[in-house]
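Undergrad: Going left to right, the sequence shown walks through residues -28 to -1, 1 to 489 as mature numbering (1 follows the signal peptide of the UniProt record, and there is no 0) numbers them. Cβ atoms here follow ideal geometry from the backbone N, Cα and C, with glycine treated the same way. These figures come from a predicted structure and were not determined experimentally.
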Amino acid sequence: MNRVLGRRVLAACAAAVATAAVAAPAQAAGPAVDLLLPDVTVAAGGNTYAAPLLFAAEDDALTGGKIVYELSGDLDGVALATADADAGCVNEGPAKLVCTNDFYTFVGPDGGLTDYAAVTATKSALGEKGKLTVTFSADGIATSTRTVDVTVAEGVDLVAGKKQSVSAKPGGGFTASLQVTNSTDAVVHGTALLAGTDYAIAGVKQFSNCFYADGVLNACTFDEELQPGATYQVELPYQLRKDTLAPGRVAGEYEWLTAGDYDDLIKFVGDSGFDGPGNPGADGKLTLKQVSTPKSAAKQTDPNPENNWQDLDVTVTGQQAADLAAVGATATGAAGATVTVPVGVKNLGPATLASQFGLPAVAALVTIPAATKVTGVPDACFPNGADGILKGNPKAVQYACFTDEVLPAGSTVTWKFTLKITKVVPGARGSVQLNPKCECDAFKPDANKANDTAQIVLNGTDTSGGTGGGENTGGEGGGLPITGPQTAFIGVAGAVLIAAGITGFVVTRRRRTRFEA
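Next comes the structure, spelled out in C-alpha cells:
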C-alpha cells in the first residue's frame, strides 16, 4: 500500500469532515468538472492504471456518470481493460474502454474518482509511445476531456530497506538511514526519494538535491546509477521540535521511485496547477552511497511499488503535555436580531498538538443556545445529528468543529457562528466541548480536562464561561448533516489512487483553519 498517500488520504477524510459539506444529490445545476490525469508509463510485459481525478469548485454528487478511455498512436502492444469487474466497464476493442456509473460520482474541491482503467503492455511493446484520451460526462455538466502521453518503458524493481526505530527527546537529534536495492538485472538510471514525516520531525540540513516546502523535506533526486543487485543508502539528519508532545510516537515514511516515474509525477503536479515539491536547499549534496557489492539508458518504470517503502518510527521520550482550553462566548440581542458568537479552542501548551496521521488535532462539539436559528456556519463546522461523527445530544442543535492537523502551543482557533434570536430567553445557554466521544482518533491525554468545556450565553448576566452541557434542545440548525457517503468516497478514492500509483504530494485542495496567536 502507498503509505504516505494512505496517510494523506486519512487527512483527506478529515478534510471531508472538517472542510466540506456532504454533496447534495438534487442540485439544480452541476458544477464545472476539471478532469486531471498524469501521463501513463507502463512496463513492457506489465500493467498499470489510469485513474483520473475529478475536481469541481463545490462538492456535488453527479448522476449519469460516463467515462471513455481511448488509445491512439504507436501503441500496437498496449491495451485497455477494466480494473474492476463490478465497475460497469465494457471494451469496444483493445484500445477503447467505456464505463458507466449507475450510482453517484462525487466531485469537489478535494477531488473525486470515477471508474479507472487498467493499461497493459506486451514485452515486445518496449519503446512504443502514443496518447490516451479520457472523456468524462454526467447529467447537467459540460463534458471534460484530457489527453496524456503513454510510454512503454523498461520495468525495474526498487526495494526499500527495513523499518528503522529510534528514540529522541524533544529537541534531540537522530539520523534516518534509508536504503534501496536494485533487485533487477538492469542498471537503474537515477532515482528519487519522496518523504512524508509527522510535524514533530524537523530537518537539520537542507540539501541541494532535495526539495523543501516551509522547511519540510518533500523529495530528493539522485543521478547515481544503481547497479544490479546493489544496495545504496542515504542518511538524513533530523531533530524533534522542542515543543513536541512527550511521551509519544511520531513517524516518517519514504518511497523510492525511478527517475522516469518521478518525472511523470512532477510533470503531472506542474501541469495540474498544484504546488510542487518546493525549493532546493543550499547545504551541499545528499549522497547516495553504495553499501553492498552488486550481484540502459531507456526510460524506466517500477511496476511493483509495494516494496518501495521504508518506515521510520521515532519514540519520543520525556514529559511534555498540552493543555487545551475551550473558548466560550456571550452575546446580547433583541428578538429578530442577528448576533455573532465566536467560540473555539486555545492550546495553552507547552507542547504543540500535531495529529500523527494528518487528521484534525482537535474536535469540538458546539451546542447552540435555545430560541435561536443558525444563519451562518464556519467553514470547519458541520451539523452533528444522531448519526454525527461526534457523540452528542440528538435532541439539541449541535455542530462538529475541527482544527487543522497542527495546533501550535499558544495559538487559538476561532469558529464564528451567526445566530438569529427568534425569542429572547434570558440566560439561554449552549456550550463548547473539546474532544467529546468520537468515531475518530480524538486527542485524549489533555493535561487539564477541567477547562475542556465552556459556555455560550445569550442575554445573560453571567459572562464567566464555566461549564456548559445539559439537555438543551437548542435552536434551529442550518446547512447539511454529516453522513457517511463522502467520507466513504474519499476512502475509496484513496484506495484507487494507491492502486494507480499516484504518489507523493497531496492532490487535495483544502481550506485552511486560521491560527490566532
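Mark Ala1 as exposed unless 16 or more other C-beta atoms lie within 10 angstroms of its C-beta, in which case mark it buried.
TA: Confidence in Ala1 is poor, its pLDDT being 49 and thus under 50, which makes the residue's placement too unreliable to answer from.
Undergrad: Measure the beta-carbon distance from Asp111 to Leu34 and round it to whole angstroms, keeping in mind my assumption that it falls under 8 Å.
TA: Their Cβ separation, rounded to whole angstroms, is 7 Å, which keeps Asp111 and Leu34 in contact under 8 Å.
Undergrad: Using the three-state DSSP reduction, which class does Glu197 fall into: helix, strand or coil?
TA: Of the three classes helix, strand and coil, the one that applies to Glu197 here is strand, per DSSP.
Undergrad: Between which two residues does the alpha helix (DSSP H) harbouring Asp235 extend?
TA: First-last of the alpha helix (DSSP H) with Asp235: 231 to 243.
Undergrad: Grouping DSSP H, G and I as helix and E and B as strand, with all else coil, what is Lys177?
TA: The answer is coil: DSSP assigns Lys177 none of H, G, I, E or B.
Undergrad: Rounding to the nearest angstrom, what Cα-Cα distance links Cys61 and Ala51 in this structure?
TA: Cα to Cα, Cys61 sits roughly 14 Å from Ala51.
Undergrad: To the nearest angstrom, how far is it from the Cα of Lys363 to the Cα of Asn356?
TA: The alpha-carbon atoms of Lys363 and Asn356 are separated by roughly 8 Å.
Undergrad: Would you be able to state if there are at least three C-beta pairs under 8 Å between the stretch 207 to 226 and the stretch 161 to 177?
TA: Output reads yes: the stretch 207 to 226 touches the stretch 161 to 177.
Undergrad: When DSSP labels each residue in this structure, what does Asn19 get in the three-state scheme?
TA: Three-state DSSP puts Asn19 in a strand.
Undergrad: Take every Cβ of the stretch 365 to 374, pair it with every Cβ of the stretch 293 to 301, and state whether three or more of those distances are shorter than 8 Å.
TA: In short, these stretches do not touch, since the Cβ pair count stays below three.
Undergrad: What does Asn319 pair with, by DSSP beta-bridge criteria?
TA: Paired residues: Leu296.
Undergrad: Could you tell me the distance, in whole angstroms, from the CA atom of Val40 to the CA atom of Asp186?
TA: Roughly 40 Å separates the two Cα atoms.
Undergrad: Whole angstroms are fine: how far does the CA of Asp32 sit from the CA of Pro(-4)?
TA: A caution first: Pro(-4) carries a pLDDT of 36, below 50, which makes its placement in the model too unreliable to give a value.
Undergrad: Determine whether the beta carbon atoms of Pro47 and Ala148 lie at a separation below 8 Å.
TA: What sits at residue 47 in the sequence shown is Leu, not Pro. No, Cβ-Cβ distance for Leu47 and Ala148 is not below 8 Å.
Undergrad: Please return the same chain residues whose Cβ sits closer than 8 Å to the Cβ of Arg192, not counting the five positions on each side in sequence.
TA: According to the sequence provided, residue 192 is Cys. The question's Arg does not apply to it. Excluding sequence neighbours, Cys192 sits near Ala164, Leu165, Ala167, Phe179, Asn181, Cys182, Phe183, Val206, Leu258.
Undergrad: Tell me whether the beta-carbon of Leu391 lies closer than 8 Å to the beta-carbon of Thr433.
TA: Taking 8 Å as the Cβ cut-off, Leu391 and Thr433 do not qualify as a contacting pair.
Undergrad: Straight-line CA distance for Asp235 to Val385?
TA: Each residue's Cα considered, the two are about 39 Å apart.
Undergrad: Would the stretch 418 to 431 count as touching the stretch 300 to 308 if we require 3 or more Cβ pairs under 8 Å?
TA: Result yes; three or more Cβ-Cβ pairs closer than 8 Å.
Undergrad: DSSP state of Ser96, grouped into three classes?
TA: Of the three classes helix, strand and coil, the one that applies to Ser96 here is helix, per DSSP.
Undergrad: Per DSSP, what are the beta-bridge partners of Leu8 in this structure?
TA: Leu8 is bridged to Leu25.
Undergrad: Going by alpha carbons, who is nearest to Arg118 out of Leu8, Pro341, Asn280?
TA: The candidate whose alpha carbon is nearest that of Arg118 is Leu8.
Undergrad: Classify Val5: buried if its beta carbon has 16 or more other beta carbons within 10 angstroms, exposed otherwise.
TA: With 16 or more other Cβ atoms within 10 Å, it is buried.
Undergrad: Taking 7 Å as the limit between beta carbons, can you name the residues of its chain near Ala158, skipping five residues before and five after?
TA: Here the set comprises Glu126, Val128, Pro200, Ser268.
Undergrad: For Gln262, count neighbouring C-beta atoms within 10 Å of its own C-beta (all shown protein chains included) and say buried if the count is 16 or more, exposed if not.
TA: Its Cβ having fewer than 16 others within 10 Å, Gln262 is exposed.
Undergrad: Taking a contact to mean a Cβ-Cβ separation below 8 Å, would you say residue 506 touches Lys103 in this structure?
TA: Any question about residue 506 goes unanswered here, given that the chain covers just -28 to 489.
Undergrad: Within 10 angstroms of its Cβ, does Asp274 collect 16 or more other Cβ (buried), or is it exposed?
TA: By the 10 Å Cβ count, Asp274 comes out buried.
Undergrad: Tell me, to the nearest whole angstrom, how far the beta carbon of Pro10 is from that of Phe240; I am working on the premise that it is less than 8 Å.
TA: With 8 Å as the limit, Pro10 and Phe240 qualify as a contact, their Cβ atoms being about 4 Å apart.
Undergrad: Three or more C-beta pairs closer than 8 Å, one from the stretch 93 to 107 and one from the stretch 10 to 24: is that the case here?
TA: Segments in contact, yes.
Undergrad: Is the distance from the Cβ of Gly224 to the Cβ of Thr169 below 8 Å?
TA: Yes, these two residues count as a Cβ contact at 8 Å.
Undergrad: Within a Cβ cutoff of 6 Å, which residues of the same chain sit near Val131, ignoring the five residues on either side of it in sequence?
TA: The answer, listed in chain order, is Thr153, Ser155, Asn279.
Undergrad: Just verifying my parser: in three-state terms, what is the DSSP assignment at Pro277?
TA: Of the three classes helix, strand and coil, the one that applies to Pro277 here is helix, per DSSP.
Undergrad: DSSP puts Ile39 in a beta bridge; with which residues?
TA: Answer by DSSP bridge pairing, in chain order: Cys71, Phe108.
Undergrad: Taking just the CA atoms, how far does Gly256 sit from Thr105?
TA: So the two alpha carbons sit approximately 42 Å from each other.
Undergrad: List the whole-angstrom C-beta distance separating Val334 from Phe389, where the pair is believed to meet the contact cut-off of C-beta under 8 Å.
TA: Val334 to Phe389, Cβ: 17 Å. No contact.
Undergrad: Pick from Leu337, Val12, Leu98, Cys353: whose alpha carbon is nearest that of Gly42?
TA: Looking at the sequence itself, residue 42 is Glu, so the reference to Gly does not match. Closest by alpha carbon: Val12.
Undergrad: Determine the direct distance from the alpha carbon of Asn73 to that of Thr54, and round the result to whole angstroms.
TA: When rounded, the distance between both Cα atoms is 13 Å.
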